[in-house]
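Undergrad:
2 protein chains.
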Amino acid sequence: MIKFEEAQRLILKKIKRLGRETVRIEEAMDRVLAEEIASDMDVPPFNKSAMDGYAFSHRQIKNVPAVLKVKSEIRAGEYEPDKLKKTECLKIMTGAPLPKRTDCVVKMEDIETLKNNYIKIMKKPSFGENVCFKGEDVQKGRIILRKGAVLRGPEVAVCAAVGKSKVQAYRRPKVPVLSTGDELVEPDKKVTFGKIRNSNGPMLIALLKKMGISPDYLGIVKDKEKNLICKIRKGLSSDIFIISGGVSVGDYDLVPAALEKCGVKKIFHKLAITPGKPLFFGQKGGHLIFGVPGNPVSTYLLFLTLIRLAINRMMGTTLNLNLRKGTVTSDYSQRPGRKRFVPAKIKMQGNRHTIYPLREYHGSADIISLVKADGFMIIPDSITFLEKNSSAEVFLW
Amino acid sequence: MIKFEEAQRLILKKIKRLGRETVRIEEAMDRVLAEEIASDMDVPPFNKSAMDGYAFSHRQIKNVPAVLKVKSEIRAGEYEPDKLKKTECLKIMTGAPLPKRTDCVVKMEDIETLKNNYIKIMKKPSFGENVCFKGEDVQKGRIILRKGAVLRGPEVAVCAAVGKSKVQAYRRPKVPVLSTGDELVEPDKKVTFGKIRNSNGPMLIALLKKMGISPDYLGIVKDKEKNLICKIRKGLSSDIFIISGGVSVGDYDLVPAALEKCGVKKIFHKLAITPGKPLFFGQKGGHLIFGVPGNPVSTYLLFLTLIRLAINRMMGTTLNLNLRKGTVTSDYSQRPGRKRFVPAKIKMQGNRHTIYPLREYHGSADIISLVKADGFMIIPDSITFLEKNSSAEVFLW
Numbered sequence: 005m006i007k008f009e010e011a012q013r014l015i016l017k018k019i020k021r022l023g024r025e026t027v028r029i030e031e032a033m034d035r036v037l038a039e040e041i042a043s044d045m046d047v048p049p050f051n052k053s054a055m056d057g058y059a060f061s062h063r064q065i066k067n068v069p070a071v072l073k074v075k076s077e078i079r080a081g082e083y084e085p086d087k088l089k090k091t092e093c094l095k096i097m098t099g100a101p102l103p104k105r106t107d108c109v110v111k112m113e114d115i116e117t118l119k120n121n122y123i124k125i126m127k128k129p130s131f132g133e134n135v136c137f138k139g140e141d142v143q144k145g146r147i148i149l150r151k152g153a154v155l156r157g158p159e160v161a162v163c164a165a166v167g168k169s170k171v172q173a174y175r176r177p178k179v180p181v182l183s184t185g186d187e188l189v190e191p192d193k194k195v196t197f198g199k200i201r202n203s204n205g206p207m208l209i210a211l212l213k214k215m216g217i218s219p220d221y222l223g224i225v226k227d228k229e230k231n232l233i234c235k236i237r238k239g240l241s242s243d244i245f246i247i248s249g250g251v252s253v254g255d256y257d258l259v260p261a262a263l264e265k266c267g268v269k270k271i272f273h274k275l276a277i278t279p280g281k282p283l284f285f286g287q288k289g290g291h292l293i294f295g296v297p298g299n300p301v302s303t304y305l306l307f308l309t310l311i312r313l314a315i316n317r318m319m320g321t322t323l324n325l326n327l328r329k330g331t332v333t334s335d336y337s338q339r340p341g342r343k344r345f346v347p348a349k350i351k352m353q354g355n356r357h358t359i360y361p362l363r364e365y366h367g368s369a370d371i372i373s374l375v376k377a378d379g380f381m382i383i384p385d386s387i388t389f390l391e392k393n394s395s396a397e398v399f400l401w
Numbered sequence: 005m006i007k008f009e010e011a012q013r014l015i016l017k018k019i020k021r022l023g024r025e026t027v028r029i030e031e032a033m034d035r036v037l038a039e040e041i042a043s044d045m046d047v048p049p050f051n052k053s054a055m056d057g058y059a060f061s062h063r064q065i066k067n068v069p070a071v072l073k074v075k076s077e078i079r080a081g082e083y084e085p086d087k088l089k090k091t092e093c094l095k096i097m098t099g100a101p102l103p104k105r106t107d108c109v110v111k112m113e114d115i116e117t118l119k120n121n122y123i124k125i126m127k128k129p130s131f132g133e134n135v136c137f138k139g140e141d142v143q144k145g146r147i148i149l150r151k152g153a154v155l156r157g158p159e160v161a162v163c164a165a166v167g168k169s170k171v172q173a174y175r176r177p178k179v180p181v182l183s184t185g186d187e188l189v190e191p192d193k194k195v196t197f198g199k200i201r202n203s204n205g206p207m208l209i210a211l212l213k214k215m216g217i218s219p220d221y222l223g224i225v226k227d228k229e230k231n232l233i234c235k236i237r238k239g240l241s242s243d244i245f246i247i248s249g250g251v252s253v254g255d256y257d258l259v260p261a262a263l264e265k266c267g268v269k270k271i272f273h274k275l276a277i278t279p280g281k282p283l284f285f286g287q288k289g290g291h292l293i294f295g296v297p298g299n300p301v302s303t304y305l306l307f308l309t310l311i312r313l314a315i316n317r318m319m320g321t322t323l324n325l326n327l328r329k330g331t332v333t334s335d336y337s338q339r340p341g342r343k344r345f346v347p348a349k350i351k352m353q354g355n356r357h358t359i360y361p362l363r364e365y366h367g368s369a370d371i372i373s374l375v376k377a378d379g380f381m382i383i384p385d386s387i388t389f390l391e392k393n394s395s396a397e398v399f400l401w
């Protein structure tokens, strides 16, 4: 039985970042860049008006009020190549390029319109007034997104701005899911006496889909070594293979032995945590295998704290668990020896979390109580008693 | 010009929760339940062994050590109908149903195996030891998930456990996106002088896809009323229509007028915030229309704070913005009059956030600086100066 932190370390040591693939930026949210993105141009690409107004050179105006003739008009997306005389200006719209030898834009509010296309300037303009200069945001060739950057809204917009409609991102792993157990039937099938419904399977598939992964569901396999080996062979060509059930130490917990027969090397089996103790972690070449217990609370915890971490790391993200400090609202006692994750309702009060361990929760099969929780309170393995109002760590989902 | 809070109120007032649709539970993460889910059976559905061990009635043992004959074996998924004699027990596996008149399971560790299928019980067992009783987690018919519950891992598992492989969830809105502006070209097209690339379009599509919405992208339309009206008509049959650009007050900001010609009633136009002031919000029957400015920082802010809120509310969630208190690391001064959202790097120190406003950021067109931010520092409209080390509100993305 190994410690939780040791398990994390052993898992992360085995993770290799996956290769890259081309992704359209519209589909790339939360993906990790596998290339550097440089600007292919100056941004803005020309001196640009930041306002609707009148463009000229600030040197044209010695004293105010001054009168200029409006030669023509220039809109965003247009180009006005004509040179201006010293007595002329151009009406200009936000986003339009400033003509040569102009360097300021005076706002509508700061002029008076006269007859015959003349305007009167009331306030002396300064150089660069209401102008975004070429290359002000970024110069051509500069790296604007580094390899490893996670794509959020701004990153997608930046890629678009510099002409990257597709980017190289680390690919998502192939993650098949296999449920095992003679007692299991799928949720849409009839339950006969002695059977229960498969809840780990749909939950794992849903959790993986939320991560943007398209998991391959291999169904339920009976607790027979021959059947198990056949299904395990199917899943082994993947990046991460999740097998639910059959990893405890009973006579019919056949998964570790069947995995071994398929050439999987055990890295560890059993963790000093509650729930989730029977976790199996193994490897065959570049393929990693997680065997999680059939109890859904255990599997949910192991997925969030270890499997998800491994998947994220493969895709290039190193996001940590959302751990916070909180105050426990009731005394809590436990048997020592294992790190315990206690389902809890967690309320935010100011910047502080208040922890209400679920009273009705009675063990790792009790998925129904878990819907009332927002996270797990974490009790270190050495602690037997936690007094009301003391501080504890919480893992927020 | 209306206040931000007033805009939020006006928007939320117009939101109607959408109708329901059937969704497979594997696809239902983050969806909102539009029905109550009751358990269709007792959970567990039978008295179940929580351990591998030996099942009998605790009354069979008056004194220890005691000897019992192992009659047969029962595995998870099997049913053992035979009655036991007072001198007999059954070997039982985790998850298997307890036969009639048995009420405890003694673990392997607490017995000694003898010859000829006999075992010696070393410790007096108690009633219910290592047994999960029928209906202990939930009784048949009890409501276990309420209408309005957000589906996470545990909720998906619970639905599976009670046989709901599909659920009724509030449907996702239809959200088309239209970009406007003569100066815009799509990211994969050549940029000629005076043009810039469309970054709002791909960003909005990506942000919507992240919410699980399949947006309909209507492309770029030129600043011509006829073209605008034609495209607007296409988008108006949706739940929420997002139009980017053309909502300022310049001569070629034609969107509000074109919307009006299409029968859209203005609810408000212009907000007292920076960036994002030109926001337009209107309505035509049950269809809501957001006109956002062309600058991507404004659009990102407006999407996160207002449009996303509206979409979530339509789908039945009432998640609030992730607002926290933090400490500003430098003096900050501003012109008063509008609530200001300042892009900032935000670091977590303990339970406290430290705010580093981006120094290089120069305005709502500067999407390139925005990739360095984690959120916005929020400065109320009345404040002109914020001293270093004072407290400010931050909106974490």
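Protein chains in written order, with the numbering used here: chain F, 5 to 401; chain R, 5 to 401. By construction, the Cβ of each residue, glycine as well, lies at the ideal position given by its N, Cα and C atoms.
Tell me the DSSP bridge mates of C108 (chain F)?
TA: Paired residues: F:F60.
Undergrad: Can you give the beta carbon distance from A396 (chain R) to V301 (chain R), rounded, assuming they're within the 8 Å contact cut?
TA: Not a contact, Cβ separation roughly 19 Å.
Undergrad: Name the residue from R:K199, R:E31, R:R328 and R:V296 whose alpha carbon lies nearest to the alpha carbon of I246 (chain R).
TA: Answer by Cα proximity: R:V296.
Undergrad: Give a yes or no on whether the minimum CB-CB distance between E116 (chain F) and chain R is below 8 Å.
TA: No, its Cβ sits nowhere closer than 8 Å to a Cβ of chain R.
Undergrad: What are the uninterrupted segments assigned as beta strand (DSSP E) that are 3 or more residues long and contained completely in the region 321–391 of chain R, given in chain order?
TA: The qualifying runs are 327–332, 343–353, 356–361 and 379–383.
Undergrad: Of all the options F:D107, F:R156 and F:K18, which has the alpha carbon lying nearest to the alpha carbon of F137 (chain F)?
TA: Nearest C-alpha to F137 (chain F): F:D107.
Undergrad: For a cutoff of 8 Å on Cβ pairs, would you count S252 (chain R) as touching chain F?
TA: Yes, S252 (chain R) counts as interfacial toward chain F.
Undergrad: Nearest-angstrom Cα distance between A11 (chain R) and M215 (chain R)?
TA: Answer to the nearest angstrom: the Cα atoms are 22 Å apart.
Undergrad: According to DSSP, is Y83 (chain F) part of a helix, a strand, or is it coil?
TA: Here Y83 (chain F) sits in coil by DSSP.
Undergrad: Is the CB of Y58 (chain R) under 8 Å away from at least one CB in chain F?
TA: Not closer than 8 Å to any Cβ of chain F, the Cβ of Y58 (chain R) fails to qualify, so no.
Undergrad: Tell me which same chain residues have a C-beta within less than 8 Å of the C-beta of T98 (chain R), skipping the five on either side of it?
TA: S53, A54, M55, D56 and A80.
Undergrad: Would you decide whether K392 (chain F) is buried or exposed? Buried here means 16 or more other CB atoms lie within 10 Å of its CB.
TA: Per the 10 Å Cβ criterion, exposed.
Undergrad: With A1 (chain F) as the anchor, note down where its alpha helix (DSSP H) starts and where it stops.
TA: In this structure chain F extends from 5 to 401, so residue 1 (chain F) is not present and cannot be described.
Undergrad: If we ignore side chains and look at the alpha-carbon of each, how far apart do N202 (chain R) and D220 (chain R) end up?
TA: Approximately 16 Å, taken between the alpha carbons.
Undergrad: Return the residues of the region 68–90 of chain R that lie within a Cβ-Cβ distance of less than 8 Å from chain F, sorted by chain order.
TA: Residues R79, A80, G81, E82 and Y83.
Undergrad: Where does the unbroken beta strand (DSSP E) through C93 (chain F) begin, and where does it stop?
TA: Here the beta strand (DSSP E) through C93 (chain F) covers E92 to I96.
Undergrad: Where does the unbroken alpha helix (DSSP H) through V2 (chain F) begin, and where does it stop?
TA: No answer is possible for residue 2 (chain F): the residues shown for chain F start at 5 and end at 401.
Undergrad: Run through chain R and tell me which residues come within less than 7 Å of D46 (chain F), C-beta to C-beta.
TA: The premise fails here: D46 (chain F) is roughly 11 Å from chain R at the closest Cβ pair, so nothing lies under 7 Å.
Undergrad: Given a cut-off of 8 Å, decide if A348 (chain R) and I359 (chain R) are closer than it, judged by their beta-carbon atoms.
TA: Their beta carbons are under 8 Å apart, which means I359 (chain R) touches A348 (chain R) by this criterion.
Undergrad: Which of the three DSSP states is assigned to V195 (chain F) in this structure?
TA: Here V195 (chain F) sits in coil by DSSP.
Undergrad: Span of the beta strand (DSSP E) holding V179 (chain F)?
TA: From DSSP, V179 (chain F) is part of no beta strand (DSSP E); its letter is neither H nor E.
Undergrad: Buried or exposed for G286 (chain F), please, with buried defined as at least 16 other CB atoms from any protein chain shown within 10 angstroms of its CB.
TA: Label assigned to G286 (chain F): buried.
Undergrad: CB-CB under 8 Å to K151 (chain F), same chain, minus the five flanking residues each way: which ones, in chain order?
TA: Contacts found: L37, A38, E39 and E40.
Undergrad: In angstroms with no decimal places, state the Cα-to-Cα distance between V109 (chain F) and T303 (chain R).
TA: So the alpha carbons of these two residues sit roughly 24 Å apart.
Undergrad: In chain order, what residues of the region 156–175 of chain F put their CB closer than 9 Å to some CB of chain R?
TA: The residues in question are R156, G157, P158, E159, V160, A161, V162, C163, A164, A165, V166, G167, K168, S169 and K170.
Undergrad: Hey, out of F:L72, F:A262 and F:F307, whose CA is closest to K124 (chain F)'s CA?
TA: It is F:L72 whose Cα lies nearest to the Cα of K124 (chain F).
Undergrad: Roughly how many angstroms lie between the CA atoms of G185 (chain F) and G23 (chain F), to the nearest whole one?
TA: So the alpha carbons of these two residues sit roughly 35 Å apart.
Undergrad: Count the other C-beta atoms from every protein chain shown that fall within 10 angstroms of the C-beta of C234 (chain R), then say buried if there are 16 or more, exposed otherwise.
TA: C234 (chain R) comes out exposed.
Undergrad: Within the chosen definition, does the region 336–351 of chain R reach the region 371–389 of chain R through at least 3 CB pairs nearer than 8 Å?
TA: Yes, the region 336–351 of chain R touches the region 371–389 of chain R.
Undergrad: Let me check understanding here. Comparing Cα to Cα, which of F:H62, F:K66, F:V68 and F:M112 lies closest to L88 (chain F)?
TA: Closest option to L88 (chain F), Cα to Cα, is F:H62.
Undergrad: Could you pull the DSSP bridge partners for T117 (chain R) from this structure?
TA: For T117 (chain R), which the question treats as bridged, DSSP gives the partners R:I123.
Undergrad: Is I359 (chain R) near the ligand FAD, with its Cβ less than 7 Å from a heavy atom?
TA: For the ligand FAD, the structure offers nothing, since it holds no ligand at all.
Undergrad: Any residues in the region 114–138 of chain R with a beta carbon nearer than 9 Å to a beta carbon of chain F? Which ones, in chain order?
TA: Those would be C136, in chain order.
Undergrad: If we count the other Cβ atoms within 10 Å of its Cβ and call it buried at 16 or more, is F197 (chain R) buried or exposed?
TA: That one is exposed.
Undergrad: Just to confirm my understanding: we take L4 (chain F), look at its own chain, exclude 5 residues before and 5 after, and list those with CB closer than 6 Å. What are they?
TA: The requested residue 4 (chain F) is not part of the displayed model; chain F covers only 5 to 401.
Undergrad: Have a look at the DSSP bridge pairing and note the partners of I293 (chain F).
TA: F:F245 and F:G286, per the DSSP bridge assignment.
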